[in-house]
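Colleague: Here the numbering used here runs 3 ahead of the position in the sequence shown, where the first position is 1.
A virtual CB, placed ideally from N, CA and C, is assigned to each residue, including glycine.
Computed from a predicted model, the values in this text were never measured in an experiment.
The structure under discussion is supplied below as structure tokens; questions concerning it will follow.
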Amino acid sequence: MTNIIILILCILILLSYVFDITSRYSKIPGVILLIALGIIIQLIIKALNVEILNMKPVLPVIGTLGLVMIVLEASLDLKLEKRKRGLIIKSISSAFILFAVFTMVTTLILVHWFGFNIRDSFLNSIPLGIISSAVAISAASLLKPDEKEFIIYESSFSDIFGIIIFDLILISHGTVGEGIMNFILNTFLTVIISIIITSVLAILLHKVNYHINYVIIMTVVVLVYVLAKLAHLPALLLVLMFGLILANNRFLENTPVNKYVDFNKFRSDLGSFKKILSELTFLVRSFFFIMFGYYTKIEGLFNFRNLITAFCVIAFIFLLRYIFIRFVLRLPVLPLLNFAPRGLITILLFLSIPFASRIELLNEEVITLVILLTIIILMIGNIGYRKEKVRIEESAKNEEVTTITDQTVNNLTGQSPN
Numbered sequence: 004m005t006n007i008i009i010l011i012l013c014i015l016i017l018l019s020y021v022f023d024i025t026s027r028y029s030k031i032p033g034v035i036l037l038i039a040l041g042i043i044i045q046l047i048i049k050a051l052n053v054e055i056l057n058m059k060p061v062l063p064v065i066g067t068l069g070l071v072m073i074v075l076e077a078s079l080d081l082k083l084e085k086r087k088r089g090l091i092i093k094s095i096s097s098a099f100i101l102f103a104v105f106t107m108v109t110t111l112i113l114v115h116w117f118g119f120n121i122r123d124s125f126l127n128s129i130p131l132g133i134i135s136s137a138v139a140i141s142a143a144s145l146l147k148p149d150e151k152e153f154i155i156y157e158s159s160f161s162d163i164f165g166i167i168i169f170d171l172i173l174i175s176h177g178t179v180g181e182g183i184m185n186f187i188l189n190t191f192l193t194v195i196i197s198i199i200i201t202s203v204l205a206i207l208l209h210k211v212n213y214h215i216n217y218v219i220i221m222t223v224v225v226l227v228y229v230l231a232k233l234a235h236l237p238a239l240l241l242v243l244m245f246g247l248i249l250a251n252n253r254f255l256e257n258t259p260v261n262k263y264v265d266f267n268k269f270r271s272d273l274g275s276f277k278k279i280l281s282e283l284t285f286l287v288r289s290f291f292f293i294m295f296g297y298y299t300k301i302e303g304l305f306n307f308r309n310l311i312t313a314f315c316v317i318a319f320i321f322l323l324r325y326i327f328i329r330f331v332l333r334l335p336v337l338p339l340l341n342f343a344p345r346g347l348i349t350i351l352l353f354l355s356i357p358f359a360s361r362i363e364l365l366n367e368e369v370i371t372l373v374i375l376l377t378i379i380i381l382m383i384g385n386i387g388y389r390k391e392k393v394r395i396e397e398s399a400k401n402e403e404v405t406t407i408t409d410q411t412v413n414n415l416t417g418q419s420p421n
């Protein structure tokens, strides 16, 4: 039995790896394939009438690890540069305003039309308002450089804003206003703690030459996150600060810190840490989505009320995005409109909602439908954009060939070009 379990785990990892590679060429996001794989495994297990251990309680644990890793990975990729100021401002405003408007309007609908309390309505609305950076960034490879950077910053900040605000509402035991006040009061303490922890971990990353470093650093980051959660501090802000300080270490080069740190070696160590973090995130994300697909109630995906709810949510997401891109940012609507997928963060935050605060209208099947359909819309839009890009490139090549041919003919005949 042990060998069979190991064999199955190895096959799942290899399949996940194949999905990740082929998604770059097929434009079918790996998330869809992983969830589909989980659903197929569920159907096979039911058909064979095999009983296996219930692993659903492990989902939030894997989810928490994935959450910390994704935020850390996203923050390590955020470079603060003056030349990108305009792009960063636009992407941050897009991430925050679209998230805030969607969350507030959805909350108002849940409160006034369905009679739920404001705290529960906020908690259930927030996960659906967050763009998945894991899906959006990987799908943005075909875009122009400025469009790609916009998607990277927008989706990363959408993750960060959503997670921190969700944390803020979750730790508020009184009203939302009390939660905001507590959050503001705790933020200063959190920033101080994060600077201290970042210094300690940076020293560990840079100075310690023992062959086991990176896993210990990751363990300490998760430990600090859990301790901060237990202390009712905005824990993900600690992770975000840690990543941002490490990613933008160049600002410390012309300070007294330069006497104690070899920044070239530090950046090399940081690069190695990012690679290991990326691979750990890949493993956690893969098993999470497969398990999520396995425990999805298939019949709930075809429930009429769930389908109507999911379609309404998706229509609102893309309506807001169209209006903001077209009339506020005044940017070309396509292909940016398609990049509003929901994914891992949406699931993780949904699973973090206490059962007493969950709203049946926005159940697990609705969340799954929204994730699948927004990713499918992104996939279809990406395929269309790819075909259009190929057509434009071929047209440009043909024009270039025609121009060269005309010049050659003119040179041979002795005629000067018009």
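1) Helix, strand or coil for E367 per DSSP?
2) Within 10 Å of its beta-carbon, does E302 have 16 or more other beta-carbons around it, so buried, or fewer, so exposed?
3) In whole angstroms, what separates the C-alpha of N2 from that of L70?
4) How about P32 and L354: do their beta carbons lie closer than 8 Å?
5) Roughly how many whole angstroms lie between the Cα atoms of V104 and N267?
6) Under the rule that 16 or more other beta-carbon atoms within 10 Å means buried, what is D149, buried or exposed?
7) In the DSSP assignment, find the unbroken alpha helix (DSSP H) run with M72 in it and report its ends.
8) Contact check, S289 vs L37 under 8 Å by CB: the rounded distance?
9) Out of curiosity, what's the CA-to-CA distance linking I311 and K300?
10) Alpha carbon to alpha carbon, how far is A77 from I248? Give it in angstroms, no decimals.
11) Who are the Cβ neighbours of F117 in its own chain at under 7 Å, not counting the five residues just before and after it?
12) Between the Cα of F295 and the Cα atoms of T25, I44 and C13, which residue gives the shortest distance?
13) Taking its Cβ as the centre, do 16 or more other Cβ atoms sit within 10 Å of G246, making it buried, or is it exposed?
14) Three Cβ pairs or more, each shorter than 8 Å: is that satisfied between the region 73-92 and the region 374-384?
15) Expressed to the nearest angstrom, what Euclidean distance is found between the alpha-carbon atoms of E157 and I73?
16) Is the number of C-beta pairs between the region 216-231 and the region 51-60 that are closer than 8 Å three or more?
17) Can you name the start and end residues of the alpha helix (DSSP H) that N309 belongs to?
18) State the Cα-Cα distance for the pair I386 and F305, rounded to the nearest angstrom.
19) Do you know offhand how far I140's Cα is from I154's?
20) Have a look at R253 and A343 and give me their C-alpha separation to the nearest angstrom.
21) Keeping to the same chain, check which residues put their C-beta closer than 6 Å to that of L280; ignore five residues upstream and five downstream.
22) By alpha-carbon positions, which one of L236, T349, P357 and R361 ends up nearest to V138?
23) Enumerate in chain order the residues of its own chain whose CB-to-CB distance from R324 is below 7 Å, with the five nearest sequence positions on each side excluded.
24) Closest by CA to F160, which one among I328, V229, K82 and R333?
25) Between V108, Y297 and A313, which lies nearest to K3 when the distance is taken from Cα to Cα?
26) Nearest-angstrom Cα distance between E152 and A142?
27) How is I55 classed by DSSP in three states: helix, strand or coil?
28) Is L12 closer than 8 Å to R345 when the C-beta atoms are compared?
29) Could you please give the first and the last residue of the uninterrupted alpha helix (DSSP H) stretch that includes M244?
30) Which term fits S202, buried or exposed, when burial requires 16 or more other beta carbons within 10 angstroms of its beta carbon?
31) Could you spell out the range, first to last residue, of the alpha helix (DSSP H) harbouring M4?
32) Tell me the rounded alpha-carbon separation between S97 and T106.
33) How should G274 be labelled, buried or exposed, when 16 other C-beta atoms within 10 angstroms of its C-beta is the threshold for buried?
34) Which whole-angstrom value is the C-beta distance of L241 and I196, which I expect to be below 8 Å?
35) So which of G384, Y20, L286 and R27 has the shortest CA-CA distance to V336?
Modeller: Result, derived from the coordinates:
1) helix
2) exposed
3) Nothing can be reported for residue 2: it is not among the residues displayed for the chain, which extend from 4 to 421.
4) For the 8 Å CB-CB criterion, P32 and L354 do not form a contact.
5) 43 Å
6) exposed
7) L62 to L79
8) 6 Å
9) In a straight line, the C-alpha of I311 is about 17 Å away from that of K300.
10) 13 Å
11) L364
12) I44
13) buried
14) no
15) 15 Å
16) no
17) F307 to I326
18) 26 Å
19) 7 Å
20) Straight-line Cα distance between these residues: approximately 32 Å.
21) Cβ-Cβ distances below 6 Å link L280 to E76 in the same chain, with the five nearest sequence neighbours on each side left out; the list follows chain order.
22) It is T349.
23) L101, L340 and A343
24) K82
25) One cannot answer for residue 3 here, as it falls past the ends of the chain, which runs 4 to 421.
26) 12 Å
27) DSSP, reduced to helix, strand and coil, places I55 outside both helices and strands of the structure shown, so it counts as coil.
28) The answer is no: Cβ separation not under 8 Å.
29) A238 to A250
30) exposed
31) No alpha helix (DSSP H) holds M4; DSSP gives it neither H nor E.
32) About 14 Å.
33) exposed
34) 7 Å
35) Measuring from the Cα of V336, the nearest candidate turns out to be G384.
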